[in-house]
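Asker:
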């Protein structure tokens with residue numbers, strides 16, 4: 001089983017910053033993240049995972065936003081950790097492949113082969129406005145992403161394995177025949193190459209992706225080595241899992257070449273009652289106006305003015321939104337017969353990801369069920385509050401998984417890609 | 001006196017990688033840079049300084065190239081250092097202001113106020129070809145750089161000083177009236193803002209620049225807080241110093257608001273003879289074909305085929321080249337009556353920067369002379385070989401400067417900007 005620590009400020013629950021278990025003054029404090037990294041490494045977790053956006057999202061009035069940029073943060077954490085993977089989200093829509101390929105190669109060197117890239121295409125309109133652009137259509141973003149990956153992969157291959165000969169006596173540092181231009185000339189990019197950094201321990205970072213659209217799934221089947229997904233029910237997760245794994249052979253890949261990791265936010269108590277009590281405390285700190293705005297953001301429709309104790313109203317179709325997440329939210333509201341207020345509370349913990357409140361054993365049971373029934377190769381753990389929620393998971397749930405033989409007790413593999421059971425030579 | 005450690009692979013001398021004092025296998029090894037950072041901090045130096053280019057420059061066959069990217073490297077070093085400034089070179093020509101402003105704000109948070117940005121406009125043609133562009137003309141690059149700085153400064157100001165109120169009881173995290181869009185709409189950029197990261201300890205990074213053209217000097221006078229320059233003689237350095245300081249009042253700035261730091265490569269021996277012996281050893285390891293290519297690169301003219309033991313031939317004017325550096329090289333060749341071989345040897349140590357071979361006392365004498373005679377506010381130290389050359393400077397020259405009362409014995413100031421005697425509120 002693969003387990004990532006998905007870090008977010010002082011916790012994934014949108015009211016975490018108001019809870020006494022957190023210190024919301026620490027979201028830009030590197031020592032906070034150093035502490036989180038140490039806890040995750042103590043638990044032998046696979047990776048630290050950082051989401052990202054390129055605009056100030058949501059309502060900063062009511063949530064602790066404006067934290068550190070992922071690549072600088074994970075580089076900083078690379079030198080204070082030894083084993084854990086470092087997965088940073090970077091957009092293909094508002095970046096250049098030369099910069100991105102180079103920075104990940106650099107992080108991979110710095111961390112000794114622990115870099116991962118979560119590839120996103122940035123659906124937000126406000127993100128486009130920070131780069132003087134109109135938001136490109138969904139299909140254009142994915143087309144650009146594909147070409148971006150072709151260029152990045154070529155750049156990572158532009159230094160051959162034996163390029164550096166370092167022959168001091170004869171004054172030959174590199175074998176020039178192993179370092180070549182890529183001369184890419186496509187629809188979105190024209191890049192000469194080679195990269196100006198030597199081949200890194202993994203050759204390229206672990207490639208991670210999270211899109212659940214048709215375009216997203218095809219992209220993942222072609223490029224991704226790990227997929228992060230939001231799934232609420234075992235059945236939906238099994239369907240997603242089978243669907244994605246089925247797509248791999250068309251790209252010459254086996255089902256083992258891609259790991260599927262649903263997000264889970266574990267609210268942990270020593271008794272179930274204690275866990276539900278913590279869940280209730282967090283729920284009571286929710287600011288309804290903020291929650292309504294978040295819900296409007298997810299659905300791509302303004303819900304202001306609808307009664308909080310009424311149902312989710314019918315909404316016009318939103319072709320620019322994240323369809324899979326919209327469907328997930330609608331299904332959830334319908335399945336559980338939720339009011340707007342209830343729906344806001346259900347989403348506050350994980351923005352559509354699964355929230356599990358219970359004892360360590362109960363949470364381990366749930367993870368085991370999905371893992372052993374074709375729904376997941378592991379999980380992206382989204383602690384509701386930080387650092388305590390991560391410490392509870394590592395100190396209480398991880399040992400339970402280890403006792404059951406489901407999770408490693410020591411780090412294995414030199415690089416992140418090896419830990420995911422992937423070959424180093426797998427550059428397509 | 002301000003002293004930076006200008007780090008470059010295993011040393012600034014182009015043959016350093018072949019010398020037994022270095023280990024040229026380490027240029028992508030983070031432990032090498034951690035060691036350099038610790039040495040520099042032991043010597044109470046102001047900053048680590050990293051140059052950058054966006055293409056594989058020179059002839060990788062004959063030099064140890066392809067090292068780490070500056071922003072990821074300095075972020076990694078931020079968590080293993082406490083006091084030293086971290087100055088990364090980033091181009092305004094091939095980047096977007098939102099990304100750059102954000103990454104430096106993040107590095108400034110991570111380092112507790114130690115970030116600096118060396119602003120360059122990337123003159124190379126091969127750099128343009130990695131971004132699908134033609135190399136823009138000199139004046140276009142500087143125009144873009146000015147607008148880039150206007151946008152970046154506005155983004156750094158987009159979170160007011162008291163924006164984060166963190167009122168957990170009432171659920172108010174930030175005072176929205178202190179966080180605003182910048183709505184920049186210019187010739188090169190259109191950026192809405194605000195930045196998606198909170199105001200950093202310094203407000204913005206220390207701004208550093210190195211252009212010596214007319215455009216470059218005006219840009220520095222308007223924006224820069226430190227200027228890095230190549231000067232071979234006291235007279236030239238004094239002229240540059242006076243010229244640049246004279247330009248400041250037009251921008252409402254005082255001469256103290258900008259520090260001028262010529263580059264110096266110190267070749268240190270316990271006797272003068274030992275220093276000259278080391279210089280000779282390095283010279284003997286120079287590969288003439290590589291040196292000729294470097295010289296051609298600096299002059300922007302192909303010198304292949306000219307006899308090494310003949311003089312520098314007359315060359316056609318090169319309007320796209322770095323005029324101040326071309327002039328410096330021509331003056332040097334003429335002043336010292338150098339052959340091509342001799343000129344290559346003189347440039348191998350510092351690519352046009354001053355090389356000083358001597359005892360610690362002799363080197364301290366030279367630095368003192370420039371510092372006390374209106375030629376420098378400090379120096380960018382370019383060790384010929386690393387880590388030993390930096391250790392020698394820190395352990396032998398720094399104490400000599402300290403005894404003379406020219407250099408600090410303890411770190412002062414909380415932030416890099418304070419250490420440079422600059423106000424925190426100085427955002428224009």
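Chains as they are written, first to last, in the UniProt record's numbering: chain A, 1 to 428; chain B, 1 to 428.
By construction, the Cβ of each residue, glycine as well, lies at the ideal position given by its N, Cα and C atoms.
Just so you know, these numbers come straight off a predicted model, no measurement behind them.
1. Which partner residues of residue 355 (chain B) appear in the DSSP bridge assignment?
2. How big is the Cα-Cα spacing for residue 223 (chain A) and residue 421 (chain A)?
3. Report the three-state DSSP secondary structure of residue 187 (chain A) (helix, strand or coil).
4. Excluding the five sequence neighbours on either side, which residues of its own chain have a C-beta within less than 8 Å of the C-beta of residue 387 (chain A), listed in chain order?
5. If the cut is a Cβ gap below 7 Å, which residues of chain B does residue 194 (chain A) touch?
6. Taking 9 Å as the cut-off, decide whether the C-beta atoms of residue 16 (chain B) and residue 360 (chain B) are in contact.
7. Using alpha carbons as the reference points, say which of B:102, B:154, B:95 lies closest to residue 132 (chain B).
8. Answer with yes or no whether the minimum CB distance from residue 63 (chain B) to chain A is below 9 Å.
9. What is the C-beta distance between residue 379 (chain A) and residue 367 (chain A), in whole angstroms, given that I count them as a contact (C-beta under 8 Å)?
10. Could you check if residue 108 (chain A) is buried or exposed, using at least 16 other CB atoms within 10 Å of its CB as the buried criterion?
11. Looking only at its chain, what residues have a beta carbon closer than 6 Å to the beta carbon of residue 199 (chain B), apart from the 5 residues adjacent to it on each side?
12. I need the straight-line Cα distance from residue 268 (chain B) to residue 42 (chain B), nearest angstrom please.
13. Would residue 398 (chain A) pass as a contact of residue 45 (chain A) if the rule is Cβ separation under 9 Å?
14. Using a 10 Å radius around the Cβ and a threshold of 16 neighbouring Cβ atoms, would you call residue 209 (chain B) buried or exposed?
15. Have a look at residue 184 (chain B) and residue 235 (chain A) and give me their C-alpha separation to the nearest angstrom.
16. According to a CB-to-CB cut-off of less than 7 Å, which residues of the segment 283 to 304 of chain A neighbour chain B?
17. Residues of chain A with CB under 9 Å from residue 198 (chain B), in chain order?
18. If we count the other Cβ atoms within 10 Å of its Cβ and call it buried at 16 or more, is residue 403 (chain B) buried or exposed?
19. Please classify residue 169 (chain B) as buried or exposed, where buried requires at least 16 other C-beta atoms within 10 Å of its C-beta.
20. With distance defined between alpha-carbon atoms, name the residue in A:136, A:217, A:6 nearest to residue 251 (chain A).
21. Nearest-angstrom Cα distance between residue 8 (chain A) and residue 62 (chain A)?
22. Between residue 191 (chain B) and residue 151 (chain B), what straight-line distance do the alpha-carbon atoms span, to the nearest angstrom?
23. Could you spell out the range, first to last residue, of the beta strand (DSSP E) harbouring residue 91 (chain A)?
24. Taking one C-beta from the segment 331 to 338 of chain B and one from the segment 314 to 322 of chain B each time, how about it: are there three or more such pairs within less than 8 Å?
25. Kindly indicate if chain B contains any beta-carbon less than 9 Å away from that of residue 79 (chain A).
26. Cutting at 6 Å between CB atoms, please list the residues of its own chain near residue 137 (chain A), excluding the five before and the five after it.
27. Looking at the C-beta of residue 156 (chain B), does it have a partner C-beta in chain A at a distance below 9 Å?
28. Are any of the Cβ atoms in chain A nearer than 9 Å to that of residue 173 (chain B)?
29. Could you spell out the range, first to last residue, of the alpha helix (DSSP H) harbouring residue 179 (chain A)?
30. Do residue 116 (chain B) and residue 88 (chain B) come within 9 Å of each other at the CB atom, strictly closer than that value?
31. Please list the partners that residue 135 (chain A) has in chain B, where partner means a Cβ-to-Cβ separation under 9 Å.
32. My understanding is that residue 11 (chain A) touches residue 389 (chain A), with C-beta atoms under 8 Å, so please give their C-beta distance in whole angstroms.
33. Residue 166 (chain B) touches chain A at which residues, Cβ-Cβ below 9 Å?
34. What number of angstroms, rounded off, separates the C-alpha of residue 275 (chain B) from the C-alpha of residue 358 (chain B)?
35. Is there a Cβ of chain A sitting closer than 9 Å to that of residue 149 (chain B), yes or no?
36. Excluding the 5 residues flanking residue 256 (chain A) on each side, which residues of the same chain have their C-beta closer than 7 Å to its C-beta?
Answerer: Taking the geometry as given:
1. For this step, residue 355 (chain B) is matched to residue 355 along the second chain. Residue 355 (chain B) is bridged to B:265.
2. Here residue 223 (chain A) is taken as the residue at index 223 of the first chain, counted from 1. Here residue 421 (chain A) is taken as the residue at index 421 of the first chain, counted from 1. If you take the alpha carbons of residue 223 (chain A) and residue 421 (chain A), they lie about 16 Å apart.
3. Reading the first chain from its first residue, position 187 is the one you call residue 187 (chain A). DSSP places residue 187 (chain A) in coil when its eight states are reduced to three.
4. The residue labelled residue 387 (chain A) in the question sits at position 387 within the first chain. So the qualifying residues of the chain are 32, 35, 36, 39.
5. For this step, residue 194 (chain A) is matched to residue 194 along the first chain. Under the 7 Å cutoff, chain B gives 56.
6. Here residue 16 (chain B) is taken as the residue at index 16 of the second chain, counted from 1. Here residue 360 (chain B) is taken as the residue at index 360 of the second chain, counted from 1. No.
7. The residue labelled residue 132 (chain B) in the question sits at position 132 within the second chain. Among B:102, B:154, B:95, the Cα nearest to that of residue 132 (chain B) belongs to B:95.
8. Translated into the one-based positions of the second chain, residue 63 (chain B) becomes position 63. So yes, residue 63 (chain B) belongs to the interface.
9. The sequence position of residue 379 (chain A) within the first chain is 379, counting from 1. The sequence position of residue 367 (chain A) within the first chain is 367, counting from 1. Yes, they are in contact, since the Cβ atoms of residue 379 (chain A) and residue 367 (chain A) sit about 6 Å apart, within 8 Å.
10. Here the question's residue 108 (chain A) lines up with position 108 in the first chain. Per the 10 Å Cβ criterion, buried.
11. Within the second chain, the letter at position 199 stands for residue 199 (chain B). So the list reads 159, once near-sequence residues are dropped.
12. Looking up residue 268 (chain B) in the second chain gives position 268. Looking up residue 42 (chain B) in the second chain gives position 42. Approximately 18 Å, taken between the alpha carbons.
13. In the first chain, residue 398 (chain A) corresponds to position 398, counting from 1. In the first chain, residue 45 (chain A) corresponds to position 45, counting from 1. Cβ atoms of residue 398 (chain A) and residue 45 (chain A): closer than 9 Å.
14. The residue labelled residue 209 (chain B) in the question sits at position 209 within the second chain. Classification for residue 209 (chain B): buried.
15. Position 184 of the second chain holds residue 184 (chain B). Position 235 of the first chain holds residue 235 (chain A). In a straight line, the C-alpha of residue 184 (chain B) is about 49 Å away from that of residue 235 (chain A).
16. 287
17. Indexing the second chain from 1 puts residue 198 (chain B) at position 198. The answer, in chain order, is 27, 28, 65, 66, 67.
18. What you label residue 403 (chain B) is simply residue 403 of the second chain in a count that begins at 1. Exposed.
19. Along the second chain, one-based indexing puts residue 169 (chain B) at 169. Burial call: exposed.
20. As a position in the first chain, residue 251 (chain A) is number 251, starting the count at 1. The shortest Cα separation from residue 251 (chain A) among A:136, A:217, A:6 belongs to A:217.
21. As a first step, residue 8 (chain A) is located in the first chain; it is residue number 8 there, counting from the start. As a first step, residue 62 (chain A) is located in the first chain; it is residue number 62 there, counting from the start. So the two alpha carbons sit approximately 16 Å from each other.
22. On the second chain, position 191 is the one that residue 191 (chain B) refers to. On the second chain, position 151 is the one that residue 151 (chain B) refers to. Roughly 8 Å between the two C-alpha positions.
23. Taking the first residue of the first chain as position 1, residue 91 (chain A) is located at position 91. That run of the beta strand (DSSP E) goes 85 to 91.
24. no
25. Locating residue 79 (chain A) in the first chain gives position 79, counting from the first residue. True, the Cβ-Cβ gap to chain B drops below 9 Å.
26. Taking the first residue of the first chain as 1, we reach residue 137 (chain A) at position 137. The answer is none, since no qualifying residue turns up.
27. Taking the first residue of the second chain as 1, we reach residue 156 (chain B) at position 156. By this cut-off, residue 156 (chain B) is not an interface position.
28. Position 173 of the second chain holds residue 173 (chain B). Yes, residue 173 (chain B) lies at the interface with chain A (some Cβ there is under 9 Å from its Cβ).
29. Here residue 179 (chain A) corresponds to residue number 179 of the first chain, with the count starting at 1. Note, residue 179 (chain A): premise wrong, no alpha helix (DSSP H); not H, not E.
30. The residue labelled residue 88 (chain B) in the question sits at position 88 within the second chain. The residue labelled residue 116 (chain B) in the question sits at position 116 within the second chain. Yes; because the gap between Cβ atoms is below 9 Å, this pair is in contact.
31. Locating residue 135 (chain A) in the first chain gives position 135, counting from the first residue. Within 9 Å Cβ-Cβ: nothing; residue 135 (chain A) doesn't reach chain B, min ~12 Å.
32. Locating residue 11 (chain A) in the first chain gives position 11, counting from the first residue. Locating residue 389 (chain A) in the first chain gives position 389, counting from the first residue. About 6 Å; that satisfies the 8 Å criterion.
33. Translated into the one-based positions of the second chain, residue 166 (chain B) becomes position 166. Within chain A, the residues near residue 166 (chain B) are 17, 24, 25, 64.
34. As a working note, residue 275 (chain B) is residue 275 in the second chain. As a working note, residue 358 (chain B) is residue 358 in the second chain. If I take the Cα positions, the gap works out to 5 Å.
35. Here the question's residue 149 (chain B) lines up with position 149 in the second chain. No, residue 149 (chain B) lies away from the interface with chain A (no Cβ there is under 9 Å from its Cβ).
36. The residue labelled residue 256 (chain A) in the question sits at position 256 within the first chain. If we look at residue 256 (chain A) and ignore the five residues flanking it on each side, its Cβ neighbours are 421.
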